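Step one of this worksheet: look at the structure below.
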Amino acid sequence: MNAKPVIELRGIVTRFGATVVHDGLDLTVHRGEVVALVGGSGSGKTTLLRHIIGLTRPAAGEVSVFGAPLFSGSVREQRTRRRRFGVLFQHGALFSAMNVADNIGFPLRELRLATDAEIANLVALKLSLVELDPSTALLMPAELSGGMVKRVALARALALEPELLLLDEPTAGLDPDRSMAFVELVRSLQRQLGLTVVLVTHDVDTLAALATKIAILSDRRIVSCVSLEETMELDHPFVDSFFRKPFGLRAGVRGGGMR
Amino acid sequence: MRSPEIATDPAKAPGARSRVRLQGDWTLRALAHRLRGFREQLAGRRDDVAWSLTGISRLDSFGAALMWHAWGKRWPECIEIPDDLRAIIDRVAASAESPLPRVPRFNIVDAVIVLGSALLSFRDHALDFTRLLGLLCLDLAYLMRHPAEWPLREISANVYKAGFKAMPVAALVGFLIGVVMSYLSALQLRAFGADIFIVNILGLGIIRELGPVLVSVLVAGRSGSAMTAQLGVMRVTEEIDALTAMGVSRTIRLILPKVIALTLAMPLLVLWTSSVALLGGMLSAWLQLDLGMAFFVDRLPQVVPFANLVIGFAKGAVFGLMIALVACHFGLRVSPNTESLSANTTASVVSSITVVILVDALFAIATRSIGVPR
């Protein structure tokens with residue numbers, strides 16, 4: 000089982016009307032990797048993530064997760080497969096009608112396996128895992144700051160003990176300080192729980208700190224999927240504009256010096 | 000994935016403890032199928048047996064919580080466990096120590112608070128509504144002085160959306176109500192040989208009362224709710240704030256057009272619906288009572304004074320104004336969450352229908368001596 004890639008995309012084609020977003024795209028993610036998906040805006044990063052989650056289906060090609068096509072098997076098998084990954088949406092997507100504790104406990108409650116005491120215990124655990132105070136448990140999502148929303152959403156994504164974590168712009172909308180703290184948190188969780196992580200990001204600092212591999216989405220395919228140092232050596236217009244422009248220099252220095 | 004197991008070794012010597020060995024993956028996914036049985040086997044045996052957790056290949060926090068709660072939140076007296084697993088269970092144990100704050104129970108003080116806040120919120124509604132009215136008046140005064148800024152395009156768009164597009168459904172409902180009323184009245188009237196009075200009943204009832212109220216209910220459900228939801232979502236997505244930031248008056252651009260459009264469109268809709276309802280009644284009377292259509296049309300102006308048409312028209316305009324005002328009022332009160340959006344949309348529809356019925360009663364009292372033949 001360990002030999003099988005966690006995510007395998009083969010020949011993905013996506014069309015929105017007349018525009019082709021992905022054209023024969025391949026991507027493989029192995030267990031324990033942290034893959035950052037980068038690309039210009041409109042290059043279809045989030046769409047690709049939505050294919051992996053199964054919210055949208057590509058026009059052609061196959062999405063396999065945990066070694067089986069995403070939509071194969073009975074409804075029960077599909078559901079079980081889906082519960083093996085947690086998703087952090089860009090804006091958190093917390094249920095605004097529920098408080099923080101109910102939001103985090105919701106997936107567990109839906110499973111109807113754990114008792115109330117166990118759920119309360121696990122919710123407290125997840126809250127401490129994302130470094131939130133237990134007193135936040137009764138707050139409503141509307142009362143939370145941007146950083147807290149992300150943390151709660153991460154705690155909810157972790158509720159079902161996922162093996163794969165999908166993050167859509169995890170640090171967008173956070174100030175640099177908070178976003179670094181959040182990146183640290185994700186990294187420590189990734190190590191602690193042995194997660195496989197796929198993230199979509201625009202933030203060079205985030206991917207420099209987090210990613211073990213960088214998948215560059217350009218010209219409707221993945222043009223490279225290698226580590227940061229190797230990416231820095233690539234000769235590709237996107238790498239030039241993304242990493243070598245002044246704002247990318249910092250990460251370039253760190254990326255080169257850190258490892 | 001190795002499936003989780005519980006193996007029991009019987010006690011080797013009398014008086015010694017038997018040994019329970021936990022093996023395999025103790026994770027949420029692996030445990031899911033056989034959870035009930037495991038729960039029973041684990042429960043209530045904490046200090047009776049010797050536990051061995053050395054055979055566990057994977058343990059997640061769900062598995063750890065399961066054990067910890069089965070053990071009654073204490074470590075068993077006799078346990079053999081690798082350090083890394085102990086750390087996982089310790090973390091669960093630590094978070095069990097610091098429980099989540101509970102939602103406080105509802106008590107008599109809360110009841111008083113609920114009652115009080117209901118009264119206060121009523122006051123808030125009244126104040127907000129007055130403020131909205133005042134703003135609209137100020138806007139009207141402003142627009143009188145600057146006629147070039149009238150939001151004519153928005154008004155016409157709203158007339159089209161709330162008025163023209165409602166015509167088919169209003170006609171359908173009106174026609175059926177006309178048929179039903181005519182049919183039911185005809186049965187009664189025939190018993191008295193008073194067939195001819197069907198014209199009076201239908202004419203007066205539909206033009207003066209039923210037409211306006213029927214259209215109001217339809218429009219409140221159709222356009223009122225849409226207005227509330229639209230304004231509400233615009234608040235959630237900060238579009239209204241964006242308008243204000245650009246120096247565009249939200250009342251002139253968003254609310255005034257809706258209010259004016261509905262005030263203009265409703266009388267026309269009332270006229271349309273009443274005519275279709277009369278047509279339905281006429282058809283039904285012709286089939287039921289053999290009352291000729293030409294005769295019906297001929298007799299209608301004789302028995303229904305013209306004042307009734309004016310009253311129907313005026314009612315339409317006032318009801319339209321009320322529905323739009325109430326809808327916008329609730330739309331602006333939406334706070335950025337889904338619950339509030341649904342609550343305000345419901346409140347908007349219910350209140351506008353209630354307000355319409357109340358105003359209708361006022362109309363009935365105020366016009367009791369107008370247009371009723373004696």
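Here the protein sequences come in this chain order: A and B.
Residue numbers are given in numbering that gives the first Met the number 0: position 146 of the first sequence equals residue 145, and the series is strictly consecutive.
Residue numbers are given in numbering that gives the first Met the number 0: position 303 of the second sequence equals residue 302, and the series is strictly consecutive.
We treat Cβ as the ideally placed atom computed from N, Cα and C, and that holds for glycine.
All values reported here derive from a predicted model rather than from experimental measurement.
Considering only the alpha carbon of each residue, which of the options lies closest to residue i?
i, options, result
"B:Thr262", "B:Arg207, B:Ala313, B:Ala147, B:Ile195", "B:Ala313"
"B:Arg18", "B:Arg85, B:Val48, B:Ser347, B:Glu237", "B:Val48"
"B:Leu278", "B:Met321, B:Asp82, B:Ile176", "B:Ile176"
"B:Ala86", "B:Ala276, B:Pro98, B:Ser60", "B:Ser60"
"A:Asp167", "A:Ala116, A:Lys149, A:Val122", "A:Lys149"
"B:Met180", "B:Pro167, B:Arg38, B:Gly162, B:Asn199", "B:Asn199"
"A:Gly193", "A:Ala67, A:Val33, A:Leu216", "A:Val33"
"B:Leu270", "B:Ala293, B:Gly246, B:Val214, B:Ala306", "B:Val214"
"B:Glu4", "B:Arg16, B:Ala12, B:Pro13, B:Ala31", "B:Ala31"
"B:Leu253", "B:Met265, B:Leu268, B:Val232", "B:Val232"
"B:Ile88", "B:Asn106, B:Leu52, B:Val309", "B:Leu52"
"A:Asp132", "B:Leu308, B:Lys160, B:Ser94, B:Leu131", "B:Ser94"
"B:Trp74", "B:Trp50, B:Asp8, B:Ile310, B:Leu34", "B:Trp50"
"B:Glu96", "A:Gly85, A:Phe88, A:Leu87, A:Glu117", "A:Glu117"
"B:Ala326", "B:Ala284, B:Ile356, B:Lys257, B:Val296", "B:Lys257"
"A:Phe15", "A:Gly43, A:Leu24, A:Gly39, A:Glu7", "A:Gly43"
"A:Arg220", "A:Thr46, A:Met179, A:Ala113, A:Leu138", "A:Thr46"
"B:Arg20", "B:His124, B:Trp285, B:Leu131, B:Asp8", "B:Asp8"
"B:Ile55", "B:Lys72, B:Leu308, B:Ala293, B:Glu79", "B:Glu79"
"B:Ala228", "B:Ser368, B:Gln187, B:Val111, B:Ser341", "B:Ser341"
"A:Val64", "A:Leu128, A:Val74, A:Leu163", "A:Leu163"
Whole angstroms are fine: how far does the CA of residue j sit from the CA of residue i?
i, j, result
"A:Gly10", "A:Val19", "13 Å"
"B:His328", "A:Ser95", "22 Å"
"A:Val37", "A:Val197", "11 Å"
"A:Met147", "B:Ser273", "57 Å"
"B:Leu324", "A:Ala141", "27 Å"
"B:Thr444", "B:Arg122", "Outside the displayed span of chain B (0 to 373) sits residue 444 of chain B, for which this structure offers no information."
"A:Leu157", "A:Ile52", "15 Å"
"A:Gly247", "A:Val238", "The predicted model places A:Gly247 with a pLDDT of 47, which falls under 50 and marks its position as unreliable, so this point remains unresolved."
"B:Leu27", "A:Val99", "22 Å"
"A:Val62", "A:Ser240", "30 Å"
"B:Glu39", "A:Arg80", "27 Å"
"B:Pro372", "B:Val168", "32 Å"
"B:Leu290", "B:Tyr182", "12 Å"
"B:Arg234", "B:Pro335", "7 Å"
"B:Ser2", "A:Met97", "35 Å"
"A:Gly255", "A:Ala92", "Confidence at A:Gly255 is low in this model, with a pLDDT of 47, below 50, so the placement of that residue should be treated as unreliable; the coordinate-derived value is given next. Each residue's Cα considered, the two are about 36 Å apart."
"B:Ala306", "B:Thr366", "10 Å"
"A:Arg258", "A:Thr211", "Note on A:Arg258: pLDDT 38, under 50, position unreliable in the model; no value is reported."
"A:Val151", "B:Val158", "45 Å"
"A:Asn102", "A:Arg155", "7 Å"
"B:Val355", "B:Arg221", "15 Å"
"B:Ile197", "B:Met281", "9 Å"
"B:Asp194", "B:Ala165", "34 Å"
"B:Ala29", "A:Ala58", "34 Å"
"A:Thr135", "B:Arg101", "11 Å"
"B:Arg389", "B:Asp46", "Residue 389 of chain B falls outside the range modelled here, since chain B spans only 0 to 373, and no answer is possible."
"A:Met0", "A:Arg83", "Only weak support is given to the placement of A:Met0: the predicted model assigns it a pLDDT of 45, under 50, and the value that follows is read from those uncertain coordinates. Computed Cα separation, rounded: 14 Å."
"A:Glu76", "A:Pro161", "16 Å"
"B:Ala170", "B:Pro304", "24 Å"
Compute the beta-carbon to beta-carbon distance between residue i and residue j, rounded to the nearest angstrom, for a pair I have assumed lies under 8 Å.
i, j, result
"B:Leu288", "B:Arg189", "7 Å"
"A:Leu173", "A:Gly145", "6 Å"
"A:His29", "A:Val5", "6 Å"
"B:Ala241", "B:Gly162", "About 28 Å; that fails the 8 Å criterion."
"B:Pro266", "B:Ala316", "5 Å"
"A:Val122", "B:Leu99", "6 Å"
"A:Pro175", "A:Thr200", "Contact flag wrong, Cβ pair sits at about 14 Å."
"B:Val296", "B:Gly202", "B:Val296 to B:Gly202, Cβ: 11 Å. No contact."
Give the list of continuous alpha helix (DSSP H) stretches no shorter than 4 residues that lie fully inside the region 134 to 200 of chain A.
145 to 156, 175 to 192
Residues of the region 323 to 353 of chain B with Cβ closer than 8 Å to any Cβ of chain A, in chain order:
Ser334, Pro335, Asn336, Thr337, Glu338
For the region 114 to 141 of chain A, list every residue whose C-beta sits within 9 Å of some C-beta in chain B, in sequence order.
Thr114, Ala116, Glu117, Ile118, Ala119, Asn120, Leu121, Val122, Ala123, Leu124, Lys125, Leu126, Ser127, Leu128, Pro133, Ser134, Ala136, Leu137, Met139, Pro140, Ala141
Got a sec: which bits of the region 78 to 108 of chain B sit with their beta carbon under 7 Å from any beta carbon on chain A, in order along the chain?
Arg90, Val91, Ser94, Ala95, Ser97, Pro98, Leu99, Pro100, Val102
Short of 8 Å Cβ to Cβ, which residues in the region 24 to 35 of chain B face chain A?
Thr26, Leu27, Arg28, Leu30, Ala31, Leu34
If contact means a Cβ-Cβ distance below 7 Å, which residues of the region 98 to 109 of chain A contact chain B?
Ala100
For the region 72 to 88 of chain A, which residues have a beta carbon sitting closer than 9 Å to at least one beta carbon of chain B?
Thr79, Arg82, Arg83
Please list the residues of the region 46 to 72 of chain B that have a C-beta atom closer than 7 Å to any C-beta atom in chain A, keeping them in chain order.
Asp59, Ser60, Phe61, Ala64, Leu65, His68
Closer than 7 Å, Cβ to Cβ, to anything on chain B: give me those residues from the region 150 to 165 of chain A, in chain order.
Leu159, Glu160
Whole beta strand (DSSP E) elements within the region 135 to 172 of chain B, 3-residue minimum:
none
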